[in-house]
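If you're matching them up, the sequences are chains A and B in order.
According to our numbering, the residues represented by the first sequence are 10 to 222, in order.
According to our numbering, the residues represented by the second sequence are 10 to 222, in order.
Have a look at the structure below, then the notes.
Number of protein chains: 2
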Amino acid sequence: MEYTKELSNLIEEFRKFPSIGPKSAQRMAFALLKKTPEQVEKFVRVLRDAKEKIQYCSKCFNLTSNPICEICLDPRRHKYQICVVESVKDLAALERTHDYHGLYHVLGGVISPLDGIGADDLNISPLLQRLTAMQDQNSGFDHIEIILAISLSTEGEATMLYIKRLLELQFQLKLSNLEIKLTRLAHGLPVGADLDYTDEITLSKALESRVLA
Amino acid sequence: MEYTKELSNLIEEFRKFPSIGPKSAQRMAFALLKKTPEQVEKFVRVLRDAKEKIQYCSKCFNLTSNPICEICLDPRRHKYQICVVESVKDLAALERTHDYHGLYHVLGGVISPLDGIGADDLNISPLLQRLTAMQDQNSGFDHIEIILAISLSTEGEATMLYIKRLLELQFQLKLSNLEIKLTRLAHGLPVGADLDYTDEITLSKALESRVLA
Chain A
10 MEYTKELSNL
20 IEEFRKFPSI
30 GPKSAQRMAF
40 ALLKKTPEQV
50 EKFVRVLRDA
60 KEKIQYCSKC
70 FNLTSNPICE
80 ICLDPRRHKY
90 QICVVESVKD
100 LAALERTHDY
110 HGLYHVLGGV
120 ISPLDGIGAD
130 DLNISPLLQR
140 LTAMQDQNSG
150 FDHIEIILAI
160 SLSTEGEATM
170 LYIKRLLELQ
180 FQLKLSNLEI
190 KLTRLAHGLP
200 VGADLDYTDE
210 ITLSKALESR
220 VLA
Chain B
10 MEYTKELSNL
20 IEEFRKFPSI
30 GPKSAQRMAF
40 ALLKKTPEQV
50 EKFVRVLRDA
60 KEKIQYCSKC
70 FNLTSNPICE
80 ICLDPRRHKY
90 QICVVESVKD
100 LAALERTHDY
110 HGLYHVLGGV
120 ISPLDGIGAD
130 DLNISPLLQR
140 LTAMQDQNSG
150 FDHIEIILAI
160 SLSTEGEATM
170 LYIKRLLELQ
180 FQLKLSNLEI
190 KLTRLAHGLP
200 VGADLDYTDE
210 ITLSKALESR
220 VLA
């Protein structure tokens, strides 16, 4: 052991984060030691605040510090559009385009048998419940649109197909007198690419030329 | 702002660390939210412990949780060898070779006028004081060796030259009846490379074939 115990422990804690190797962890530990005590206490406060206050939105599973997220509460958002995304990171990527004005539904992943992730591990039933709840609301629009904004990987395609079949079975793509229009992002998105890493313009284009699923 | 305030703050705090870009910061923030409350509290404890307990060794300026570091206190280390390094990271890199059994002196940087770092900003006077203190000790050896283990960059070379001149002026390379032998790492080290990133074997070789400065 070439460092004093407290420093080794600190480096080890930083190493637990994803994509932080031994050199980065060491660099971060030294950077922490260079901070003033006040800066360290601020860092601690922000860490605890985030952990204590951030929760999932009970409607769309976005991360929020309130029971329902700002997007769901925003009266200017189109209630007849629900964009289904894998993760909150992907939601944020779509928000950065400033081209989408509907609501979201965060799945929390994609179906991936190899990783032991089945449909029950994702927020798919809450999506169906959300649609069921919309049955009774006379909301002044004649269709709702579900946009599947999921990466075009094998698992992503399988997840989209699963959701499509489920909606067909459960609702015959119709909620009382509301037509359900199911679309997905255009193939402008590079196949196999991470949605979260796609630039805003490509993502805007993919959103614009979305096609029926 | 596409994230809730607490999450944006958290990402921003991670971004303050060196070589952490927006993507890495986001990834780290999400990883933190996935931790259990106990894991977050452990992380906080380790952060605070490190900040509160770690200090500089009053002899060699290594990082330590005691007034004097373990290396300086270790009776098996050769007291007649002082290896002068830029940083604690470099000290740790040398320790990993397991080939050096003397003491250290951490400068805290190199002379770099462009960055506004002069000789007074480094622990050079404490090195001279350390040598002066050795004058009076009759320690059973007839010479002391100062190994300049500093990167061979322009600033590093200048710093080595500065220390050499200073020792010549102040002590004429002699402490009472102790000869001062001034050496530096061999040119086995790639010129311009960061000492901290050099592999153990190259560093061992450079240490082994060190030459008179």
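Every residue, glycine too, gets a C-beta built ideally from N, C-alpha and C.
Check                                                                                                                      : Outcome
Closer than 8 Å to chain A by CB, B/N237                                                                                   : One cannot answer for residue 237 of chain B here, as it falls past the ends of chain B, which runs 10 to 222.
A/E104 versus A/G117: straight-line alpha-carbon distance, rounded                                                         : 17 Å
Cβ contact check for the region 24–32 of chain A and the region 189–203 of chain A: 3 or more pairs under 8 Å              : no
Min CB distance B/E209 to chain A below 8 Å                                                                                : no
Reduced DSSP category for A/L194 - H, G, I as helix; E, B as strand; rest coil                                             : coil
B/V220 in three-state terms, based on DSSP                                                                                 : strand
Through-space distance from A/I189 to A/N71, alpha-carbon basis                                                            : 23 Å
Exposed unless 16 or more other CB atoms sit within 10 angstroms - verdict on A/T45                                        : exposed
Span separating the alpha-carbon of B/G111 from that of B/V97                                                              : 15 Å
Buried or exposed by the 16-neighbour rule on C-beta atoms within 10 Å, applied to A/V220                                  : exposed
Integer-rounded CB distance, given that A/S160 should sit under 8 Å from A/E95                                             : 7 Å
Contact set between the region 59–83 of chain A and chain B, restricted to residues whose Cβ is under 9 Å from the partner : A59, K60, E61, K62, I63, N71, L72, T73, S74, N75, C78, E79
Spatial distance of B/R139 from B/K68 (CA atoms)                                                                           : 8 Å
Proximity test, Cβ basis, 8 Å: B/Y12 and chain A                                                                           : yes
Within 8 Å of chain B by C-beta, residues of the region 31–55 of chain A in sequence order                                 : K32, S33, Q35, R36, M37, A38, F39, A40, L41, L42, K44, P46, V49, K51, F52, V53, V55
Chain-ordered chain B contacts of A/R105 [CB-CB under 8 Å]                                                                 : E11
Residues of its chain near A/Q74, where Cβ-Cβ distance is below 8 Å and the 5 sequence neighbours each way are ignored     : Checking the displayed sequence, the identity of residue 74 of chain A turns out to be Ser instead of Gln. Taken in chain order, the residues that qualify are K62, I63, Q64.
Rounded C-alpha distance that separates A/A38 from B/L136                                                                  : 26 Å
Cβ-Cβ separation, A/D99 to A/A158 (assumed contact under 8 Å), whole Å                                                     : 7 Å
For A/Y206, three-class secondary structure by DSSP                                                                        : helix
Backbone CA spacing between A/E232 and A/E50 [nearest angstrom]                                                            : Here chain A covers residues 10 to 222 and nothing more, so residue 232 of chain A does not appear.
Contact check, A/C92 vs A/C81, beta carbons under 8 Å                                                                      : no
Classification of A/R36 by the beta-carbon crowding that lies within 10 angstroms, buried from 16 upward                   : buried
Entirely enclosed beta strand (DSSP E) segments - the region 20–67 of chain B, minimum 3 residues                          : none
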